[in-house]
Every structure is written in structure tokens, then in C-alpha cells.
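One gets my numbering by counting positions in the sequence shown from 1 and adding 1171 to each.
Before any comments, here is the structure.
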Amino acid sequence: MTAHGHGDGDHLSRDQALGAISRITATIDVPVTADIERGYATDPAGVGETVRSVLAAGAVGKPSLPQPPASTLRGRP
């Protein structure tokens, strides 16, 4: 999957993702969830800020999927 010409996996900046979420939620009339990758942050406080910003942008939530450490994914497709 691509967004703005970027593949999946933290390739958009937080601001780019929030901008896309805002444009989508302003355009359609259905609930929107947002895949915010790994929270666009390196610490819990930063992830919290991202979640608050996603909700402020109009999304109703985010998927909650476990993310294994990147080091465990080496060599996997």
C-alpha cells in the first residue's frame, strides 16, 4: 500500500499523515480510523500526542496491532 507515493512503514512524517487524515475526514461522512504506524514518536508521551492529534484531525480511532521490534523482522518479507 502506498500513500503520497510512499510505501507502508513510517515513511510519511507525522504532519503529512495528520494532513491526510484531516483531508479525508473533512471530505467523507463515515467514521475513519487511522493507521499511525508506530505512533510517529520514540516515547510514550510522543505517541500520546500523536493519538490526540489524530483524534483532533477527525479520526475516530486507530487500529491497535502489536508491532514486534524491527530487529526481529530482519530477513522476513
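The beta carbon of each residue, even a glycine, is placed where N, CA and C say it ideally should be.
Three-state secondary structure assigned by DSSP to residue i
i	result
T1204	strand
G1210	coil
G1217	helix
G1190	helix
M1172	Caution applies to M1172, whose pLDDT of 49 falls short of 50 and renders its modelled position unreliable; the model cannot decide the point.
Buried versus exposed call for residue i [16 or more other C-beta atoms within 10 Å across all chains shown]
i	result
A1230	buried
A1227	exposed
Nearest-angstrom beta carbon gap, residue j and residue i [assumed within contact, 8 Å]
i	j	result
A1212	K1233	Contact flag wrong, Cβ pair sits at about 13 Å.
I1207	A1191	In fact, because the Cβ distance is near 11 Å, the residues do not count as touching under 8 Å.
Open item on the list: Any contact between the stretch 1197-1204 and the stretch 1214-1224? By contact I mean 3 or more CB pairs, one from each, below 8 Å.
Closed with: With the cut-off at 8 Å, the stretch 1197-1204 and the stretch 1214-1224 do not touch.
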